[in-house]
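J.: Numbering (our numbering), first residue to last: 15 to 546.
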């Protein structure tokens, strides 16, 4: 892996006290447990009471209502730590949500707000449907308490970086989401994260030709509040296809304060006739390795920014497949890595039935005892479940052996319910001793959901053209197309780029049935990031 040059961060070591208070609360809630906040240079961790009061006192344009709700939801998930001693401080932060505009003009009761957040995380119901959630603008309450942010470590050009991905559905107006995607709106739509976004040496970006209208390119001076203030020049490209799709990409041109060496990603909204699908990816790598170890702390700010895309909507929900499995990805994940993840998911889902049965029995025993007849019934349920699961495993094992006889060492070893071609090459990886993470750019892809798609569809993809200036192209022959089940009676198309030389960027094209009866516009982002 390439080495970074250690250096002092200089003036940017000065921390924002209100932002540190917010991170202190997220850490107290346990949502950032995988990172040690003590590693952050200059970070001053506050006690729970101090942090609650500091966030409550922060101006609304510094920490908006949505960010306050987000951290309170995290605290609710952790059982409101320290509430017995800091009850008034909790109420003070809940009360501060009234710093923003309230739709019905009625103040929010802080106690009711805390109860609604408890119910949101306990029962997994959308917060915007609660009593206090309905009193707020939808985008302020949307996705509060939901896990919309997927964080993982990747490598870009040999440098370690952190991938932060979000995907969700919303009924917000397409025009509103398209405006949110335009980087010129970011300081207004995401003030906690974006402090500046201005075109360099030009009144406006440079218009580009097809595909799309509008379609433009520009270099922007961006100033953001990540773990510290960071200034960069970003190469940005924006593209729109009527009311069907809009997207933009960004990539680092220059780190003005020499703080980061990777900053790339995309925003995308697609309209398939129902709710809009919104995807947002940020890949960031810091010059100092210590910042990379805590880069996941950017997630609360990134989540708050993507939440703004729901402005004007009435319902918004995180996508079930917002991890690399269902949306962006697999970002260079090897066949062995995908196979391993799939079996972990399968065994976790299978074990859930036994855990639920055990909890049911123990609850009844502890509350009222059980009769001999009930014990016998429980035993029948257990053995019936075991018999079914073993029968399924045996049948699946026989079909896998048949595939091995046909495909040899390149056969797939995926669990039941996952297409076997997703894991082709896993055995070869194990026997060859190859590392789990392949070179950057290998088999990156995405899943596109298409209404009415059947499991046996034969599909063809066109050449894909990048929206970035210069219009790089990926030939159809370098794109693998397969149909995959994404939900009950719902199928999507998995597109994977097999050309390791494909340039990073957002590519657009068309997908058609072999008989020409369907034509669907598609978008695919290539990050050139390899999974660690």
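Here a beta-carbon is modelled for each residue, glycine too, at the ideal position from N, C-alpha and C.
Taking Cβ positions, are residue 95 and residue 62 nearer each other than 8 Å?
T.: yes
J.: How long is the line joining the alpha carbons of residue 215 and residue 57, rounded to whole angstroms?
T.: 35 Å
J.: Secondary structure at residue 39, three-state DSSP: helix, strand or coil?
T.: helix
J.: Restricting to Cα atoms, I'd like to know which of 264, 479, 78 and 70 is closest to residue 248.
T.: 264
J.: Identify every run of the alpha helix (DSSP H) within the stretch 253-320, keeping only runs that are complete inside it and at least 4 residues long; order them along the chain.
T.: 303-307
J.: Could you say which of 530, 311 and 482 lies nearest to residue 473 if we only look at CA atoms?
T.: Minimum Cα-Cα distance from residue 473 among the listed residues 530, 311 and 482 corresponds to 530.
J.: Would DSSP call residue 62 helix, strand or coil?
T.: helix
J.: Cβ atoms of residue 205 and residue 75: under 8 Å apart, would you say?
T.: yes
J.: Judging by CA-CA distance, which residue of 485, 536, 467 and 526 is the nearest neighbour of residue 459?
T.: Put simply, of 485, 536, 467 and 526 the residue whose alpha carbon is nearest the alpha carbon of residue 459 is 536.
J.: Less than 8 Å between the beta carbons of residue 159 and residue 520, yes or no?
T.: no
J.: Under a Cβ-count criterion, where at least 16 other Cβ atoms within 10 Å of its own Cβ denotes burial, should residue 78 be classed as buried or exposed?
T.: buried
J.: Looking at the structure shown, is residue 143 part of a helix, part of a strand, or coil, going by DSSP?
T.: helix
J.: Enumerate in chain order the residues of its own chain whose CB-to-CB distance from residue 221 is below 6 Å, with the five nearest sequence positions on each side excluded.
T.: 230
J.: I need the DSSP call for residue 175, collapsed to helix, strand or coil.
T.: strand
J.: When you compare only the Cα positions, how much space is there between residue 491 and residue 187?
T.: 36 Å
J.: Could you tell me whether the Cβ atoms of residue 509 and residue 462 are closer together than 8 Å?
T.: yes
J.: Please work out which residues of its chain come closer than 8 Å, Cβ to Cβ, to residue 109, disregarding the five sequence neighbours upstream and downstream, and give them in chain order.
T.: 70, 122 and 124
J.: Excluding the five sequence neighbours on either side, which residues of its own chain have a C-beta within less than 7 Å of the C-beta of residue 342, listed in chain order?
T.: Only weak support is given to the placement of residue 342: the predicted model assigns it a pLDDT of 43, under 50, and the value that follows is read from those uncertain coordinates. The answer, listed in chain order, is 179, 293, 295, 460 and 539.
J.: Could you tell me which residues DSSP puts in a beta bridge with residue 229?
T.: 253
J.: Between residue 479 and residue 506, how many whole angstroms is the CB-CB distance? I'm expecting something under 8 Å.
T.: That pair is no contact at about 22 Å.
J.: Hey, is residue 104 close to the ligand FAD, as in C-beta under 7 Å from one of its heavy atoms?
T.: The ligand FAD is absent from the structure shown, which contains no ligand whatsoever.
J.: For residue 279, count neighbouring C-beta atoms within 10 Å of its own C-beta (all shown protein chains included) and say buried if the count is 16 or more, exposed if not.
T.: buried
J.: What are the start and end residues of the beta strand (DSSP E) that includes residue 201?
T.: Per DSSP, residue 201 belongs to no beta strand (DSSP E); it is in the alpha helix (DSSP H), 200-203.
J.: Let's see if you can read the secondary structure: which residues bound the alpha helix (DSSP H) around residue 84?
T.: 79-91
J.: Taking the alpha-carbon positions, what's the residue 147 to residue 309 distance?
T.: 30 Å
J.: Between the stretch 163-177 and the stretch 270-285, are three or more C-beta pairs nearer than 8 Å?
T.: yes
J.: Under the assumption that residue 329 contacts residue 99 (Cβ atoms under 8 Å), give the Cβ distance between them as a whole number of angstroms.
T.: Contact between residue 329 and residue 99 does not hold, since their C-beta atoms are separated by about 38 Å, which reaches or exceeds 8 Å.
J.: I need the straight-line Cα distance from residue 132 to residue 195, nearest angstrom please.
T.: 32 Å
J.: Please classify residue 212 as buried or exposed, where buried requires at least 16 neighbouring CB atoms within 10 angstroms.
T.: Residue environment: residue 212 is assigned as exposed (fewer than 16 neighbouring CB atoms within 10 Å of its CB, all protein chains considered).
J.: Thinking just about the alpha-carbon of each residue, which of 307, 223, 162 and 324 is nearest to the one in residue 485?
T.: 223
J.: Whether or not the stretch 126-140 and the stretch 86-93 are in contact is what I'm after, with contact meaning three or more pairs of Cβ atoms, one per stretch, closer than 8 Å; do they touch?
T.: yes
J.: Can you tell which of 203, 284, 332 and 477 has the C-alpha that lies nearest to the C-alpha of residue 256?
T.: 284
J.: Compute the beta-carbon to beta-carbon distance between residue 518 and residue 541, rounded to the nearest angstrom, for a pair I have assumed lies under 8 Å.
T.: 6 Å
J.: What distance in whole Å lies between the Cβ atoms of residue 232 and residue 250, which are believed to be in contact at a cut-off of 8 Å?
T.: 5 Å
J.: With 16 as the cutoff for other CB atoms within 10 Å, does residue 376 come out buried or exposed?
T.: Any reading at residue 376 is ruled out, since the residue's pLDDT is 49, under 50, leaving its predicted position unreliable.
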